[in-house]
Structures are given as structure tokens and as C-alpha cells.
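For the sequence shown, this note's numbering assigns the number 13 to the initial residue and increments by one for each residue that follows.
Backbone N, C-alpha and C define an ideal beta-carbon position, used for all residues, glycine too.
It should be emphasised that the depicted structure is a prediction, and the values quoted were computed from it without experimental measurement.
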Amino acid sequence: MTTRAASAPRPRARAARRRSLSVASECVPLVKTGGLADVVGALPRALAESGWDQRVLVPAYPGVLDAFDALTPVWHDDDLFGGPAAVLAGRRGDVEFLLLDAPHCFARPGGIYGGAGGDHPDNPRRFAALSWAASRIALHGTGDGWRPDLVHAHDWQAGFTPSYLRYAGSDVPSVFTVHNIAFQGIAPADQIDELRLPTWDFHPGALEYHGLLSSLKAGIVHADAVTTVSPTYARELTTPQLGFGMEGVVAWRGDRFTGILNGIDTEVWDPGSDRELGRHYTVGRMAGKRVDRQRLLERFGLPDLAGPLVVIVSRLTYHKGIDLVPDALPPVLDAGGGLVVLGSGDPDQEHRLRGLAAAFPDRVGVHIGYDEPLSHLVIAGGDAILVPSRFEPCGLTQLYGLRYGTLPVVAATGGLVDSVRDATPETIGDHTATGFVAAPDNSDSLRRTLRRVVDCYRERRVWAGIRRTAMAQDVGWGPSARRYAALYDAVCEKREEPEGPRG
Ligand code: ADP
Numbered sequence: 013m014t015t016r017a018a019s020a021p022r023p024r025a026r027a028a029r030r031r032s033l034s035v036a037s038e039c040v041p042l043v044k045t046g047g048l049a050d051v052v053g054a055l056p057r058a059l060a061e062s063g064w065d066q067r068v069l070v071p072a073y074p075g076v077l078d079a080f081d082a083l084t085p086v087w088h089d090d091d092l093f094g095g096p097a098a099v100l101a102g103r104r105g106d107v108e109f110l111l112l113d114a115p116h117c118f119a120r121p122g123g124i125y126g127g128a129g130g131d132h133p134d135n136p137r138r139f140a141a142l143s144w145a146a147s148r149i150a151l152h153g154t155g156d157g158w159r160p161d162l163v164h165a166h167d168w169q170a171g172f173t174p175s176y177l178r179y180a181g182s183d184v185p186s187v188f189t190v191h192n193i194a195f196q197g198i199a200p201a202d203q204i205d206e207l208r209l210p211t212w213d214f215h216p217g218a219l220e221y222h223g224l225l226s227s228l229k230a231g232i233v234h235a236d237a238v239t240t241v242s243p244t245y246a247r248e249l250t251t252p253q254l255g256f257g258m259e260g261v262v263a264w265r266g267d268r269f270t271g272i273l274n275g276i277d278t279e280v281w282d283p284g285s286d287r288e289l290g291r292h293y294t295v296g297r298m299a300g301k302r303v304d305r306q307r308l309l310e311r312f313g314l315p316d317l318a319g320p321l322v323v324i325v326s327r328l329t330y331h332k333g334i335d336l337v338p339d340a341l342p343p344v345l346d347a348g349g350g351l352v353v354l355g356s357g358d359p360d361q362e363h364r365l366r367g368l369a370a371a372f373p374d375r376v377g378v379h380i381g382y383d384e385p386l387s388h389l390v391i392a393g394g395d396a397i398l399v400p401s402r403f404e405p406c407g408l409t410q411l412y413g414l415r416y417g418t419l420p421v422v423a424a425t426g427g428l429v430d431s432v433r434d435a436t437p438e439t440i441g442d443h444t445a446t447g448f449v450a451a452p453d454n455s456d457s458l459r460r461t462l463r464r465v466v467d468c469y470r471e472r473r474v475w476a477g478i479r480r481t482a483m484a485q486d487v488g489w490g491p492s493a494r495r496y497a498a499l500y501d502a503v504c505e506k507r508e509e510p511e512g513p514r515g
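Here is the structure:
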């Protein structure tokens with residue numbers, strides 16, 4: 013049994029606006045390695061319309077504090093897992109940030125999770141510190157009198173937040189979102205004391221994961237509600253194929269584990285005003301897209317192409333299915349089309365793609381690296397965007413593709429299923445087609461699908477029709493933010509209900 017810890021009194025009456033604390037290891041525009049950062053950065057603004065004011069707690073990695081004009085200290089701890097720490101509050105745009113300044117955890121060069129030599133060995137402790145700080149802010153509030161009604165923790169890095177709240181007997185409920193179940197925050201069991209977790213709860217029904225600790229599992233077990241980033245991925249996570257060993261615990265959460273599809277920032281990603289494009293375009297005035305296509309071809313040293321220009325913007329890893337592309341590409345090349353890739357990742361994948369560009373110098377352009385501005389031109393200039401992932405919790409680039417009329421060609425997995433409607437005679441006929449869907453992990457299916465893309469591209473009116481439907485999709489945060497707000501409301505109301513008789 014847990015005991016109630018002393019915490020600041022919280023009014024029971026429902027306030028007009030509610031407060032939530034979002035805690036994550038990355039957030040746009042401060043620090044980003046993947047889609048998680050986009051989601052965490054977009055949610056506060058999207059939720060504001062549904063009556064939720066959200067502050068975002070992220071680590072103050074090197075350079076993060078410099079991105080703020082003014083910062084106010086609102087919390088400190090003389091010993092946050094081995095060193096002094098402070099939380100500084102500041103505003104960027106219309107988002108209120110809380111920055112965890114803990115130099116012993118976060119002031120180090122290189123990537124935020126590690127460097128070329130692998131992950132930082134103390135990652136469990138670094139991100140337990142982040143989770144602990146989040147839980148203390150939820151328990152006691154910040155020095156400026158702010159205290160959340162709910163905490164929303166993201167991925168393994170914030171996974172112990174719901175646990176620390178439970179063990180402190182907090183009345184603040186939590187929501188935990190799994191962005192990618194492949195990353196599980198594993199730590200040796202003998203770190204349990206160091207991570208400030210109770211040994212009595214080290215068993216398979218709570219903290220233990222096959223003899224180890226897993227902050228991801230802890231988040232799934234202890235949060236009041238758990239979400240992932242698409243309805244299809246939520247179902248897939250209950251299967252051994254895609255549950256990565258967590259399928260049992262996901263299934264155990266039952267209907268407390270739901271999928272809410274990510275949106276995109278439709279101001280940043282808008283072909284009608286995108287700062288990175290030479291020419292803007294809208295669904296009613298598509299001429300600018302041809303100009304952007306031309307600029308993209310020039311940028312990659314490719315000549316004008318008669319066939320479709322297929323693009324990829326991706327981390328280059330096995331899970332993204334990039335290795336399937338060379339075998340699937342012939343229909344595009346045979347039709348006079350080409351491929352442009354912007355990405356970075358596994359050296360062997362990068363090597364293969366460079367080889368493809370060398371073999372087809374007039375058809376294939378590859379830029380190895382992470383380049384946000386260039387990604388906008390690539391997505392605007394392409395005719396189709398390829399996302400051949402083996403699994404994909406939600407995926408963002410297919411959503412950019414819909415918005416930019418760059419038709420998504422996707423594998424039937426996760427959020428790709430939930431966001432793209434395959435072009436078939438029926439869906440073309442009733443104007444519901446928005447792209448093309450292939451079987452996952454199957455280069456034959458991908459090749460056949462690219463042949464359909466080529467055929468469709470030749471039928472200019474059909475292509476234009478699919479493009480119109482694609483561009484009309486609501487890929488913004490509106491619908492999803494309303495779902496998160498409804499979940500937050502439900503979770504808070506459940507906690508506020510008086511407890512019934514026990515036993
Ligand atoms: P994941 O989070 O698994 O990497 P997502 O599709 O959810 O995949 O999000 C990837 C994000 O990173 C998108 O915003 C995408 O545009 C961006 N991105 C990926 N690779 C690059 C790159 N090389 N240059 C610029 N942006 C990239």
C-alpha cells in the first residue's frame with residue numbers, strides 16, 4: 013500500500029481551465045531527434061483550444077537555455093540523483109517551458125542519448141532524474157504557484173513519472189504515451205535503489221521486466237491511461253510480432269490503452285506559406301509545385317524527369333524498410349522517373365543508397381544528413397513520398413505528403429494504415445483515395461505498388477484527383493488534440509470521483 017504524501021492543497025472544484033505538465037526528453041523547437049519532439053512541441057498549442065494549459069518539461073541540454081530571452085527559477089533540488097538541479101521557466105513562442113538544468117545529467121557534448129560509441133551508460137539515471145523532477149512538480153507545484161492537474165509523460169525517458177507519482181500517493185493523475193515501443197528504457201535490477209524505486213514492487217506485475225527494470229513498462233503499468241500514436245499501432249502492440257515483448261502488459265491495460273493519431277503543425281507545414289519553398293502553391297493553384305519540383309531536381313543535380321519523382325525523408329534504419337527500396341524501384345526508373353532521398357542513419361543503409369545514386373546518376377539523388385529546411389523542399393518537390401516502414405507507430409512524413417500533394421506510398425502498418433487510403437478503382441471512383449498502400453516488409457509488393465503509382469501518374473486527371481483528396485485531409489492537430497483533451501478530462505474526473513467501498 014502507498015501512503016499519501018504531504019502535498020500542496022489542490023482545489024477539488026473543476027476550474028474553467030485545467031493545467032497539464034508534459035514531460036519528455038525532446039521537444040521542437042529546442043531539441044529533436046525524431047517525431048516525438050514534433051508531437052510534444054505541437055500539443056500545448058493544440059490543447060489550448062480545448063481548455064487545457066500545458067507546460068512542457070524538458071532537459072536543459074547544452075544550448076537550450078540560450079534559446080530563451082528570459083528564464084525564472086521555479087524549483088530546485090540539491091541532490092537530484094547525484095547533483096544539484098534547478099528548473100527554469102521560460103516562454104518560446106506561445107509555449108511555456110520548464111527546463112531541467114541538471115549539469116551532471118545533461119550538460120555533455122554529442123547526441124542527447126549518446127554518441128558514436130553507443131548510448132550514455134547512465135541514461136536510466138539521467139532520465140529517472142527528469143521523471144523525478146516532473147513528479148515533484150506535480151506533487152508540490154513550482155515556485156510561481158503553478159501546479160498541474162495532470163501529468164502527461166512521453167516514452168521511456170519519462171516512464172518512471174507515473175510510478176513516482178503512485179509511490180508518493182499523489183492525487184495527480186497521469187497519462188503515458190508510447191511513441192515507439194522498441195525503446196524500453198532497460199536498466200539492471202540492482203539499480204532499483206539508485207533509481208528511487210521500491211524493491212517491494214519489483215515483480216512481473218509492476219517494475220520487473222524479465223529480471224530487469226524497464227521505465228517504459230513502468231509507465232504502461234502505472235499511468236492512469238496509456239496511449240500510443242495511432243489506433244492501428246495500439247492494436248499491433250498486443251501482438252508478439254510488434255509488441256517487442258511488451259504485448260502482455262499492453263493487453264493487460266485493455267481499453268485503458270488507446271491510439272490517438274498524431275497531427276502535424278499545419279502552420280510550419282503549409283505549401284501555401286512555407287518559408288523554405290521558392291514558390292508557394294495551394295490545392296487550387298498547383299503551378300508552384302512544378303517550380304519546386306524543378307528546384308529540387310536541380311538541387312540534386314538531376315535532369316528533368318518525365319516519370320514520377322519519388323522522395324524519401326527518413327532515418328535510414330532497418331525498421332524504416334529503406335533496404336527494400338532498390339529492388340522495388342525498377343518500375344519508377346523504367347517509366348523515366350527518379351528517386352530523391354534525404355536521410356541519415358545506419359552506415360550500411362547509407363552506403364547502399366550512395367551505391368544506388370552512383371548506379372543511376374541521372375535518376376537517383378541522395379543527400380546523407382539531417383537537414384530540416386531541405387526536407388521541406390524535398391517534400392514539396394516530390395510527386396510521391398515513399399514510407400516503406402516495417403513498423404511505424406504513426407509516421408509524420410506521409411502526413412506532410414498529404415498536405416503537400418506529394419502522394420504517400422506506404423507500407424500497411426501502424427499509423428500509415430490510419431492515414432492513407434489506397435488508390436483502388438473503387439476509392440478512385442468515389443474520390444476517397446489519398447495514396448498507395450503496399451504489404452509491409454515485402455519488396456515484391458512494394459514494386460507492384462510503385463508500378464501502380466507509375467500507371468496512375470500517366471493518367472493525369474486521376475493523379476490530380478487523388479492529389480486534391482489528399483490535400484483536403486485534415487492532418488492538423490485539431491481532431492487529435494480534442495481526443496487528448498477528452499482523455500485528460502476523463503482521467504481527472506475518474507480520480508475526482510469519491511472512492512467506492514472496498515472489498
Ligand atoms: P521517426 O520519429 O521514427 O524518425 P517520424 O516520421 O515519426 O519518424 O518523424 C520523423 C521526423 O524527422 C519528421 O519530421 C521528418 O521530416 C524528420 N526527418 C527525418 N529524417 C530527416 C532528415 N534527414 N532531414 C530532415 N528531417 C528529417
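Item, Value
"Buried or exposed by the 16-neighbour rule on C-beta atoms within 10 Å, applied to residue 470", "exposed"
"Selected residue, minimal CA-CA separation from residue 200, among 182, 226, 218 and 189", "226"
"Any non-hydrogen atom of ligand 1 within 7 Å of residue 487 CB", "no"
"Run of the alpha helix (DSSP H) containing residue 428, from where it starts to where it stops", "426–431"
"Separation of residue 292 from residue 299, as counted between CA atoms", "9 Å"
"Proximity winner among 30, 34, 47 and 43, relative to residue 410 (alpha-carbon distances)", "47"
"DSSP state of residue 158 mapped onto helix, strand, coil", "coil"
"Residue 238: first and last residue of the uninterrupted beta strand (DSSP E) it sits in", "237–240"
"8 Å Cβ cutoff met for residue 191 and residue 32", "no"
"8 Å Cβ cutoff met for residue 381 and residue 58", "no"
"C-beta atoms of residue 40 and residue 76 nearer than 8 Å", "no"
"Ligand 1 heavy atom lying under 7 Å from the CB of residue 382", "yes"
"Paired residues, beta bridge with residue 104 - DSSP", "107"
"Beta bridge counterpart(s) of residue 97 as assigned by DSSP", "89"
"Beta-carbon proximity of residue 11 to residue 301, cut-off 8 Å", "There is simply no residue 11 to check, as the chain begins at 13 and stops at 515 in what is shown."
"Rounded C-alpha distance that separates residue 347 from residue 448", "17 Å"
"Proximity test, residue 406 beta-carbon vs ligand 1 heavy atom, cut-off 7 Å", "yes"
"Residues that DSSP places opposite residue 447 in a beta bridge", "434"
"Proximity test, residue 354 beta-carbon vs ligand 1 heavy atom, cut-off 7 Å", "yes"
"Residue 113 (DSSP reduced to helix, strand or coil)", "strand"
"According to DSSP, residues forming a beta bridge with residue 396", "322 and 419"
"Collapsed DSSP secondary structure at residue 14 in the structure displayed", "Here the model assigns residue 14 a pLDDT of 35, short of 50, so the residue's position is not dependable, and the following value carries that caveat. Coil."
"Validate contact between the region 263–274 and the region 369–379 using beta carbons, cut 8 Å, 3 pairs", "no"
"Burial state of residue 87 (16 or more Cβ within 10 Å)", "buried"
"Between the CA atoms of residue 215 and residue 26 - distance to the nearest angstrom", "Below a pLDDT of 50, predicted positions are generally treated as unreliable, and residue 26, at 47, falls in that range; the measurement from the model is reported next regardless. If I take the Cα positions, the gap works out to 37 Å."
"Of the residues 304, 334, 329 and 234, the one placed nearest residue 321, counting alpha carbons only", "304"
"Beta-carbon proximity list for residue 336, same chain, < 8 Å, skipping 5 on both sides", "400, 453, 454, 455 and 458"
"Test item: CB-CB of residue 93 and residue 68 under 8 Å", "no"
"Exposure of residue 285, with buried meaning 16 or more beta-carbon neighbours within 10 Å", "exposed"
"Where residue 244 falls: helix, strand or coil (DSSP)", "helix"
"Secondary structure of residue 220, DSSP reduced to three states", "strand"
"Cutoff 8 Å; reference residue 434; Cβ partners in own chain excluding five residues on either side", "445, 447, 448 and 449"
"Residue 50 CB to nearest heavy atom of ligand 1 below 7 Å", "yes"
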